[in-house]
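If you read the sequences in order, they're chains S and C. Under my numbering, the first residue of the first sequence carries the number 1, and numbering increases by one thereafter. Under my numbering, the first residue of the second sequence carries the number 1001, and numbering increases by one thereafter. All C-beta atoms in this analysis are idealised placements derived from N, C-alpha and C, irrespective of residue type, glycine included. Nothing here was measured: the structure is a model prediction, and the numbers come from that model.
Number of protein chains: 2
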Amino acid sequence: MSLTERRAKLLSLLIGEYVDSATPVGSEAMVRRYELPFSSATIRNEMARLEEDGYITHPHTSAGRVPSDKGYRYYVEALMEERDLSAQIKQTIRHQFHQAGREEDEWVHLAAAVLARAVENAAVVTMPNMAESRLKRVELVSIQDTSALLVVVMQQARVKQQVLIFPEPMEQDGLTAISNHLNDAFRSLSAGEIGRSQVQLTQMEWHVANAVREILASTDAGGFDEAALEGIRTVLQKPEFASSDKVLNLLDVMERRNLGKYIPFSELADGSVTVMIGAENEQDAMHDYSLVISRYGTPGGITGAMAVVGPTRMHYPRTISTVRFLSELMGEMLTTFYDEPPVTEQGAGDK
Amino acid sequence: MSLTERRAKLLSLLIGEYVDSATPVGSEAMVRRYELPFSSATIRNEMARLEEDGYITHPHTSAGRVPSDKGYRYYVEALMEERDLSAQIKQTIRHQFHQAGREEDEWVHLAAAVLARAVENAAVVTMPNMAESRLKRVELVSIQDTSALLVVVMQQARVKQQVLIFPEPMEQDGLTAISNHLNDAFRSLSAGEIGRSQVQLTQMEWHVANAVREILASTDAGGFDEAALEGIRTVLQKPEFASSDKVLNLLDVMERRNLGKYIPFSELADGSVTVMIGAENEQDAMHDYSLVISRYGTPGGITGAMAVVGPTRMHYPRTISTVRFLSELMGEMLTTFYDEPPVTEQGAGDK
DNA sequence: CTTAGCACTCGTGACTGGAGAGTGCTAATT
DNA sequence: AATTAGCACTCTCCAGTCACGAGTGCTAAG
């Protein structure tokens, strides 16, 4: 369903104006502001048609027009011109990333902060995840008689630790023996492969191996609890939230443990930026918000996701290009520092 | 400056009523509600005295009375009776902790969640910190030619990792040699001691040692960015925040990186629970809120802190006893699973 | 010291009327 | 057939008014 050129132009201008001003925009104001070569009456007629077709609405009879979800959708799809970020800005952001440390969680936080600031909305960036975590190394460090710290190092420099309780006192020497054996037996294996492995293990070794397996599995399950979140304040300052009942709604969305529920990270096409506008979101609570999401990652299989969350009244071109750029940049960073050839990984250790 | 018994009683009732109802309470309502053996006129006289002395105020001429910071302070100090939590509740909470995993960060999150829920306010619980971190073990795992993952295990089962870049390609064997040497040389040492150490090191070893030292030092500096935070929503639902300008204020306080600034964790007496009411807080932004803070820890020197943040209109007795209980409980948990004799620690490794 | 009584103060909520912005329709113009 | 001027109409917003009720502070009597 396509629009006449004039109507399209009008819709585009109206969205631009509304995104800026946050107040419904009327025919008169439209003509004045953009010096249109028509009278307000003509504009009114056109607006009436746009409304009939569902691209805009009015809050009440005597108010200006406001874009609907469908209007935004058409705009994003066909009307807006996506301007690339200026070289200058890109350079500045790149610089910040190279100034930052070499750890992925620093990048993730930085990306969220930069994104939130650039688009003036909330931003979520998840930690990057391998498709399937593989074991790189196990360490056991004695803590007390019957307890030890288990440190599991996985591919792509992820580390998790857990305190392990043994049914009997263990010396450091015994622990080292166990970890050596497990390192030999399980290097480069995934959780599933460890589970199916036929290697002979003592009871203690099995105890440890099991814990390792669980850690790998839980890393794969990939909690968004580790995601970085920035810019909630910025969003809450927007006029949409003047009446504070919507505030709670958004805060609920933003609680860390709910992120996965509200933001469909998993349903994303690779590489491209996805936009979900208002009611297009599955969850009711998100019906007043728009999402701009993208995966990022490396050819080697590391992938994470980032999203911008804000009211539907959002500067889409800017948001989309910023998300695209940052997602590419994160990919580059990961590739440079972490990526390992997806097949050859075994390397020094086996056979 | 002490109050007559009747005035004290009155203040106490008034605070109780106000904490419940969140609306200014008048003399008439007071008499009716508590069946006082005086007329409202008498109560009015007494209230006038209380106001004169600064324990309560008037929002405007014809409104009821509201406790002032000073009133709350007197109440907390002299009037309220701190009731211990019921054995039942304590048992439930204990149970939850024993059900949880064996990792300190799970406890910290759990403690924050339980606390927030119990006192219906926001709760912050920091990760426990040693007075001074000591090295337990170093591991180096190769990632790419010139990069490796440095894993530092410290006392009390804390683990930190960092990607390390070398000026030249390193094999895993070479990395293992370095970590072995460093383990021998620096085991049980603190950041400062490593810095002062006279051990001969190759250039590569020094590179790694330096990174280790920085990690220990930064752990000591103790970031509150790792603190667990719960219950922001609960607080924001309170009538104090009906007008949404104060919301932003609180959100600012609650941003992770600001916690240290607003909450004076460091100035705490050991063991006891500290209450800071309204303007007693140093930071202006906190002048409308109260804090109930406590340290927790073990005799062996691990210490963390927890705090409840909410409007000054807060149920102080309940909050204080809950904080006290949870802080004791966290101490117990840490002692059971982590504490090592503060002096003997060297153990297997030296001399 | 306590209390009854009463005038007084303010905030709240309901109602009102006018101003302003914007629409939608009709009829005239191009 | 498209555009425009004109105009009646609709709604929101805001300021003003008014009555109500909760609460105070004071005075004078018990």
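Can you tell me whether residue i is helix, strand or coil according to DSSP?
i, result
"C:Q1200", "coil"
"C:K1160", "strand"
"S:A100", "coil"
"S:L268", "coil"
"S:A190", "Sequence inspection shows Ser at residue 190 of chain S; the Ala mentioned does not correspond to that position. In this structure, S:S190 counts as strand in the three-state DSSP scheme."
"C:I1263", "coil"
"S:G349", "With a pLDDT of only 38 at S:G349, under 50, the local geometry of the prediction cannot be trusted, and no value is derived from it."
"S:A48", "helix"
"S:K70", "helix"
"S:K246", "helix"
"C:E1369", "Because residue 1369 of chain C is not part of the residues shown, which for chain C are 1001 to 1351, the question remains open."
"S:Q144", "strand"
"C:A1227", "coil"
"C:T1234", "helix"
"S:E255", "coil"
"C:Q1170", "The amino acid occupying residue 1170 of chain C in the given sequence is Met; Gln does not appear at that position. Three-state result, C:M1170: coil."
"S:E132", "coil"
"S:F337", "helix"
"C:E1332", "helix"
"S:T42", "helix"
"S:T61", "coil"
Just confirm the distance between the C-beta atoms of residue i and residue j, as a whole number of angstroms; I'd bet it's less than 8 Å.
i, j, result
"C:F1097", "C:M1333", "6 Å"
"C:V1125", "C:A1227", "6 Å"
"C:V1031", "C:I1043", "6 Å"
"C:A1113", "C:E1005", "The pair is not a contact, with the Cβ atoms about 41 Å apart (cut-off 8 Å)."
"C:V1323", "C:N1121", "Going by Cβ atoms, the distance from C:V1323 to C:N1121 rounds to 11 Å, so no, they are not a contact pair."
"S:S327", "S:M306", "6 Å"
"S:S133", "S:S190", "7 Å"
"S:Y296", "S:G331", "5 Å"
"S:S40", "S:S27", "4 Å"
"C:P1067", "C:Y1018", "6 Å"
"S:V163", "S:S179", "About 15 Å separates the two Cβ atoms, so there is no contact after all."
"S:I194", "S:A209", "6 Å"
"S:L13", "S:Y55", "Their Cβ separation, rounded to whole angstroms, is 13 Å, which puts S:L13 and S:Y55 out of contact at 8 Å."
"S:V253", "S:A285", "6 Å"
"C:F1265", "C:M1204", "Actually they are not in contact, since the Cβ atoms of C:F1265 and C:M1204 sit about 38 Å apart, beyond 8 Å."
"S:E240", "S:K246", "7 Å"
"S:R233", "C:L1248", "6 Å"
"S:N45", "S:T303", "Contact flag wrong, Cβ pair sits at about 49 Å."
"S:A116", "S:W107", "Actually they do not touch by this definition, with Cβ atoms about 15 Å apart."
"C:T1335", "C:T1312", "Not quite, the Cβ-Cβ distance comes to about 34 Å (not below 8 Å), so this is no contact."
Inset, instruction - Specify whether the stretch 1055-1075 of chain C and the stretch 1034-1044 of chain C touch according to this definition: at least 3 beta carbon pairs, one from each stretch, less than 8 Å apart. - result: no
Legend entry - Minimum length 4: unbroken alpha helix (DSSP H) runs contained in the stretch 1075-1128 of chain C: With a minimum length of 4 residues, the continuous alpha helix (DSSP H) runs that stay inside the stretch 1075-1128 of chain C are 1087-1099 and 1104-1119.
Legend entry - Completely contained alpha helix (DSSP H) runs for the stretch 2-30 of chain S, where each covers 4 or more residues: 5-21
Inset, instruction - May I ask you to verify whether the stretch 1313-1323 of chain C touches the stretch 1140-1155 of chain C, counting CB pairs closer than 8 Å and requiring at least 3? - result: Below 8 Å, too few C-beta pairs join the stretch 1313-1323 of chain C and the stretch 1140-1155 of chain C to call them touching: fewer than three.
Inset, instruction - May I have a chain-ordered list of the beta strand (DSSP E) segments no shorter than 3 residues that lie completely inside the stretch 1272-1317 of chain C? - result: 1273-1277, 1289-1297 and 1303-1311
Legend entry - Contact list for the stretch 149-180 of chain S against chain C, Cβ threshold 7 Å: L149, V151, V153, A157, V159, Q161, Q162, V163, I165 and Q172
Legend entry - At least three beta-carbon pairs within less than 8 Å, the stretch 1079-1087 of chain C to the stretch 1278-1287 of chain C: no
Inset, instruction - Please determine if the stretch 148-159 of chain S and the stretch 190-204 of chain S are in contact, where contact requires at least 3 C-beta pairs separated by less than 8 Å. - result: Under the Cβ criterion (8 Å, minimum of three pairs), the stretch 148-159 of chain S does not count as touching the stretch 190-204 of chain S.
Legend entry - Where the stretch 1065-1087 of chain C meets chain S: residues whose CB sits under 7 Å from a CB there: Those would be none; no residue qualifies.
Legend entry - Short-range partners of chain C found in the stretch 321-338 of chain S, where Cβ spacing is below 9 Å: Taking 9 Å as the Cβ-Cβ cut-off against chain C, the residues of the stretch 321-338 of chain S that qualify are F337 and Y338.
Inset, instruction - Using a Cβ-Cβ cut-off of less than 8 Å, list which residues of the stretch 1247-1276 of chain C approach chain S; keep chain order. - result: V1247, L1248, L1251, D1252 and E1255
Inset, instruction - Check each residue of the stretch 294-319 of chain S: if its Cβ is closer than 8 Å to any Cβ of chain C, include it; give the result in chain order. - result: none
Inset, instruction - Could you name the residues of the stretch 1126-1146 of chain C whose beta carbon sits closer than 9 Å to any beta carbon of chain S, in the order they occur along the chain? - result: K1136, R1137, E1139, V1141, S1142, I1143 and Q1144
Legend entry - chain C contacts from the stretch 224-242 of chain S (Cβ-Cβ distance under 8 Å): I232, R233, L236, Q237, F241 and A242
Inset, instruction - Pull out every residue of the stretch 94-106 of chain S whose Cβ sits closer than 9 Å to any Cβ of chain C, in chain order. - result: G101, R102, E103 and E104
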